[in-house]
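A.B. asks:
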Amino acid sequence: MRKKNGVKTRQKNMVDKESLEKKYTATMSSLAESLAFPSWSIDLGRKGALITRSVHNPIISAKDLPFEAECCFNSGAVRVGDEIVMILNCWDAEWVPHFLVARSRDGVHFDIGTRSIVSPPDEYPYAGRRDGIFDTRITTLDGWHYVTYNVSSSLGGRIRLIRTQDFEGFEDLGFITSIDHRNCVIFPETFDGLYARLERPNGEGSTGGDIYLSYSPDLRFWGRTELVLQKGTRYWESFKIGPGAPPVKTEQGWLVLYHGCRQHMNGIMYNAGAMLLDLKNPAKVIGKMRACLMWPEEDYEYRGNVPQVVFPTAAVMGDSSDELFVYYGAADSSICLATLSIEALVERCLTDGPCLPGQN
Ligand code: BMA
Numbered sequence: 091m092r093k094k095n096g097v098k099t100r101q102k103n104m105v106d107k108e109s110l111e112k113k114y115t116a117t118m119s120s121l122a123e124s125l126a127f128p129s130w131s132i133d134l135g136r137k138g139a140l141i142t143r144s145v146h147n148p149i150i151s152a153k154d155l156p157f158e159a160e161c162c163f164n165s166g167a168v169r170v171g172d173e174i175v176m177i178l179n180c181w182d183a184e185w186v187p188h189f190l191v192a193r194s195r196d197g198v199h200f201d202i203g204t205r206s207i208v209s210p211p212d213e214y215p216y217a218g219r220r221d222g223i224f225d226t227r228i229t230t231l232d233g234w235h236y237v238t239y240n241v242s243s244s245l246g247g248r249i250r251l252i253r254t255q256d257f258e259g260f261e262d263l264g265f266i267t268s269i270d271h272r273n274c275v276i277f278p279e280t281f282d283g284l285y286a287r288l289e290r291p292n293g294e295g296s297t298g299g300d301i302y303l304s305y306s307p308d309l310r311f312w313g314r315t316e317l318v319l320q321k322g323t324r325y326w327e328s329f330k331i332g333p334g335a336p337p338v339k340t341e342q343g344w345l346v347l348y349h350g351c352r353q354h355m356n357g358i359m360y361n362a363g364a365m366l367l368d369l370k371n372p373a374k375v376i377g378k379m380r381a382c383l384m385w386p387e388e389d390y391e392y393r394g395n396v397p398q399v400v401f402p403t404a405a406v407m408g409d410s411s412d413e414l415f416v417y418y419g420a421a422d423s424s425i426c427l428a429t430l431s432i433e434a435l436v437e438r439c440l441t442d443g444p445c446l447p448g449q450n
């Protein structure tokens, strides 16, 4: 310190400890702020996203369940009046699968019931499989809510059907496919008196993994099977594809969200795609997105029981006549919500498509 007029002053160039401390604190807190992501997410720099993830994601995870549980994911949902009702698929702490009825008024916060409405079959070849029953999808038709789900077996999976009018009492209609079937969604209307469904037969480790359509006079016996879409139109759907949410009727066609997988050096990535099917002939693709609609991006889609999975299982009308609520399983660990504009998605499918194999 120099003395000037008898008063101690600081040397001009001497660093003021207090201001240095302040500066240090400010720099550190702005650094901390810039590093403090609410959730880890990567901006992959893609343009033209048509889907918006809910800020509440994941909307349901193990901690929200009424008992000690490992996880929940891939659950069908349907709009009933001003409620959204979900058949929630979860696994308890012993890895026993349960289907629970969950209800929501806003599509985000669900009241979850405690009663298991279905149990895995306990006879050979289904018994003893840890994954047991999974991937529910719901279609409302003629006053009934039809729920399809996968049943695992040591000889390959099958699809089973139950139905309800009130989500209290359930009627079991038994298996509706032969062995080695996955992912079955029923159309919410009939075609010349026949029920129709999209399905992915023979997809487990063999040559399958494509989407087919079948018809039925009674929902039990199915046939007249036709190929709808083959895997491999684009790289992101090159390994296998399967129907995701039950089709949504629009003026231009049936809007179908599906999953499309690609294999890479570190496993399989599950993406989501969209296509539009002809209103009268639903086996005919009239529009299809070239890019995938959604790909794993967020922390909760990358980390979990099966990393890198977004798996849509329901598309229900949202808060306006143009909005869809899309429910999807993330990383086989939680249930998430995303929203989209029906008009924008239909337009994109028509502009891009049909974009079938050999037409790229
Ligand atoms: C599929 C289904 C889904 C699951 C996905 C990724 O074959 O079994 O339930 O989300 O694999 O594990």
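Numbers given in the numbering used here equal positions in the sequence shown, counted from 1, plus 90.
For every residue, glycine included, the Cβ atom is placed at its ideal position computed from N, Cα and C.
Just so we're clear, the structure is a prediction, and the values are computed from it rather than from any experiment.
1. For M176, which residues from the same chain have a beta carbon less than 6 Å from its beta carbon, with the 5 sequence-adjacent residues on both sides left out?
2. Starting from S431, follow its DSSP beta bridges and name the residues at the other end.
3. Taking the beta carbon of A217 as the centre, do at least 16 other beta carbons fall within 10 Å, making it buried, or is it exposed?
4. Alpha carbon to alpha carbon, how far is R205 from L440?
5. DSSP on Y214, reduced to helix/strand/coil?
6. Would you kindly work out how many angstroms separate the C-alpha atoms of D368 and P333, rounded to a whole number?
7. Are the Cβ atoms of L347 and A364 separated by less than 7 Å?
8. Relative to the C-alpha of T267, which residue among F277, T315, G222 and D422 is closest?
9. Can you tell me whether T142 is buried or exposed, with buried defined as 16 or more other CB within 10 angstroms of its CB?
10. At the level of alpha carbons, what is the spacing between F401 and T280?
11. Entirely within the region 285-356 and at least 3 residues each: give me those beta strand (DSSP E) ranges in chain order.
12. Classify H349: buried if its beta carbon has 16 or more other beta carbons within 10 angstroms, exposed otherwise.
13. Give the straight-line distance between the Cα atoms of A420 and Y214, rounded to the nearest whole angstrom.
14. Classify D442 as helix, strand or coil using the three-state DSSP reduction.
15. Can G377 and G443 be called in contact, C-beta distance under 7 Å?
16. Nearest by alpha-carbon distance to L383: which of D389, L366, A362 and P397 is it?
17. For the alpha helix (DSSP H) containing D389, list its first residue and its last residue.
18. Tell me which residues share the same chain as P148 and place their Cβ nearer than 7 Å to its Cβ, disregarding the 5 neighbours each side in the sequence.
19. Rounding to the nearest angstrom, what Cα-Cα distance links A335 and T229 in this structure?
20. Following the continuous beta strand (DSSP E) through I402, name the residue where it begins and the one where it ends.
21. Compute the Euclidean distance between the alpha carbons of Q353 and T340, then round it to the nearest angstrom.
22. Answer with buried or exposed for M355, where buried requires no fewer than 16 other C-beta atoms within 10 angstroms of its C-beta.
23. What separation, rounded to the nearest whole angstrom, lies between the Cα atoms of R324 and A381?
24. Would W312 be called buried (16 or more neighbouring beta carbons within 10 Å of its own) or exposed?
25. Work out the CA separation of R219 and S244 for me, nearest whole Å.
26. Quick check on this structure: which residue in S328, L319 and R227 has the alpha carbon closest to the alpha carbon of L366?
27. Can you check whether the CB of R272 is closer than 7 Å to the CB of R290?
28. Tell me the residue span of the beta strand (DSSP E) that contains S194.
29. H271 lies in the beta strand (DSSP E); which residues open and close that run?
30. Count the other C-beta atoms from every protein chain shown that fall within 10 angstroms of the C-beta of E327, then say buried if there are 16 or more, exposed otherwise.
31. Quick check on the DSSP output: what are the complete beta strand (DSSP E) runs of length 3 or more inside the region 215-241, in order along the chain?
32. Between which two residues does the beta strand (DSSP E) holding C161 run?
33. For L367, write down the residues that DSSP places opposite it in a beta bridge.
C.D. replies: On the basis of the coordinates in this document:
1. The answer, listed in chain order, is S165, A167 and A192.
2. E413, per the DSSP bridge assignment.
3. By the neighbour-count rule (16 or more Cβ atoms within 10 Å), A217 is not buried but exposed.
4. Rounded to whole angstroms, R205 to L440 spans 43 Å at the Cα level.
5. Of the three classes helix, strand and coil, the one that applies to Y214 here is coil, per DSSP.
6. Cα to Cα, D368 sits roughly 16 Å from P333.
7. Between L347 and A364, the CB-CB gap stays under 7 Å.
8. Answer by Cα proximity: T315.
9. Taking all protein chains in view, the Cβ of T142 is surrounded by fewer than 16 other Cβ atoms within 10 Å, so the residue is classified as exposed.
10. The alpha-carbon of F401 is positioned some 26 Å away from that of T280.
11. You should have 285-291, 301-306, 313-319, 330-333 and 344-354.
12. It counts as buried.
13. Cα to Cα, A420 sits roughly 31 Å from Y214.
14. It is helical.
15. Result yes, Cβ atoms of G377 and G443 sit closer than 7 Å.
16. A362 is the residue among D389, L366, A362 and P397 whose C-alpha sits nearest the C-alpha of L383.
17. Looking at the DSSP string, the run of the alpha helix (DSSP H) that includes D389 is D389 to Y392.
18. Excluding sequence neighbours, P148 sits near Y390, A420, S424, I425 and C426.
19. Each residue's alpha carbon lies about 9 Å from the other.
20. With the sequence shown as reference, residue 402 is identified as Pro, and Ile is not the correct amino acid for it. In the DSSP assignment, P402 falls within the beta strand (DSSP E) that extends over V400 to M407.
21. Computed Cα separation, rounded: 33 Å.
22. Under this definition M355 is an exposed residue.
23. A straight line joining the alpha-carbon of R324 with that of A381 spans about 8 Å.
24. Result: buried.
25. Cα to Cα, the separation comes out at about 7 Å.
26. It is L319.
27. In this structure, R272 lies closer than 7 Å to R290 by Cβ.
28. S194 -> beta strand (DSSP E) spans P187 to S194.
29. Counting along the chain, the beta strand (DSSP E) containing H271 begins and ends at H271 to I276.
30. Buried, by the Cβ-count rule.
31. Complete beta strand (DSSP E) runs here, min 3: 223-231 and 234-241.
32. That run of the beta strand (DSSP E) goes A159 to C162.
33. Per DSSP, W344 and V375.
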